[in-house]
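Chemist:
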Amino acid sequence: PPPAPPPPPRFPDWLAQGTRPPDIDVHVWNGMGEQFQKQYIQAEREKAVAKDWPPPEFDVTGPPPPFIDAMTWGHLSSEGRKALFQQQWQAAVREQTNLLFAPGGVPPGGTVVEHPFLGVDSDLGRGKTGLWLDLALNPNPAADGAQYLNLSKVLGPGWPVENYNLCGPLAVGGSLGLDPRQALTAFSNDTVVNGAYALSEGLTTVGTQLVDMYEVEGWTAEASSLDNKPPHEMARLISEGKQLIALVNIDTKGADGMLKSFGDSTKKVAHWVNVLAVEQTGSGDWMVRVYNPYENREEVYPWTDFHASWSKTGVEVQVEKTEEEKTEAEKAMNAPVYKTVYDFNHAYGIVVATPPDK
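Going left to right, the sequence shown walks through residues 1 to 358 as the UniProt record's numbering numbers them.
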């Protein structure tokens, strides 16, 4: 069947433009005053956005919000904890609303969110804190790469200390609400083809291994590439309850691990992220929210920036220079000389996972 046509504008004009709602009389609206009008529009926008972000069943055994100390948290009842988690969720909805209706849209290059949805009742999305700090390869909270974990701490003695290619299982783990130890334990399961081997040897992960990992957790999944899905198609899949893990390019040197086009990156790295949401903005453009395990945080991008990073990824490999490529000095060495090239992946790599029937 032909692809579904793009949906109509998500928000009515009055809500997108911040003008008088049609169900409020002109005289009543004018009598409200500018300040109250703005408050009314903001509340209606948050209400509209919240329909697509219903709060989950919060885990009251999860870690406290960053502004609550452990002692205070320990004295709160379950209801008190739920109330605080609900406040955090509403703060995330408010931030998402402001991003969706921001004049000019999301800034080019994307932005790191202050209020992660995943991090309301867990350490996911909160950066190098909690278990992510306890298991870190570098215990300095300011050091780059929250995903750089000490595998001997995560999985136990006998595993290597260093592994810089954990993004795949951690992205899947984020989509399933797993902490890093749970995620990497699932990936090391015997049913993940070469999963344990990839962890022990520091190898990159491929889409089929992430499919296997989902199946360990009772989901079904499919990996594909070269399928340039439009934003409304990705939004539809997410609305059906599916999880999307996309293979993108990030810049770990020039952009702090943010998504960036291959050609514009200082340090090009192929990387898996969990696509949390693809939403139409108030201006009719599209915005993408991802969970990026590189710094264990949620980030928001214009669709054009996300698409650019998704369209071309590669892995650095060392190949031997031919005699024609060698300098005279290199020829005189009478030994192999290597150069760095990129082994390119198929564009638009993605894993689409479907939850088990309830």
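Each residue gets a CB set at the ideal place from its N, CA and C atoms; glycine is no exception. Model, not experiment: these values are computed from the prediction.
1. Considering K153, what are the terminal residues of the alpha helix (DSSP H) in which it resides?
2. Since T129 and R45 are thought to touch, with beta carbons under 8 Å apart, how far apart are those beta carbons, to the nearest angstrom?
3. Do A183 and P169 have their C-beta atoms within less than 7 Å of each other?
4. Inspect the beta-carbon positions of L84 and P66 and report whether they are closer than 7 Å.
5. Residues in the same chain with beta-carbon distance under 8 Å from A136, minus the five sequence neighbours each way, listed in chain order, please.
6. Does DSSP put P169 in a helix, in a strand, or in coil?
7. Could you pull the DSSP bridge partners for V275 from this structure?
8. Could you please give the first and the last residue of the uninterrupted beta strand (DSSP E) stretch that includes F187?
9. Residues bridged to R126 by DSSP?
10. Give the DSSP-derived three-state secondary structure of G282 in the structure shown.
11. I need the boundaries of the beta strand (DSSP E) containing G74, first residue and last residue.
12. Can you check whether the CB of Y301 is closer than 7 Å to the CB of G110?
13. Within 8 Å, do at least three Cβ pairs link the segment 185–202 to the segment 214–233?
14. How about A91 and F117: are their beta carbons less than 7 Å apart?
Modeler: In terms of the structure at hand:
1. L151 to V154
2. No, T129 and R45 are not in contact; Cβ-Cβ is about 31 Å, not under 8 Å.
3. yes
4. no
5. K128, A143, A146, Y148, L149 and N150
6. helix
7. L244 and V290
8. F187 -> not in any beta strand (DSSP E); alpha helix (DSSP H) instead, spanning P180 to F187.
9. R297
10. coil
11. Where G74 is concerned, there is no enclosing beta strand (DSSP E), although the alpha helix (DSSP H) it sits in stretches over A70 to G74.
12. yes
13. yes
14. no
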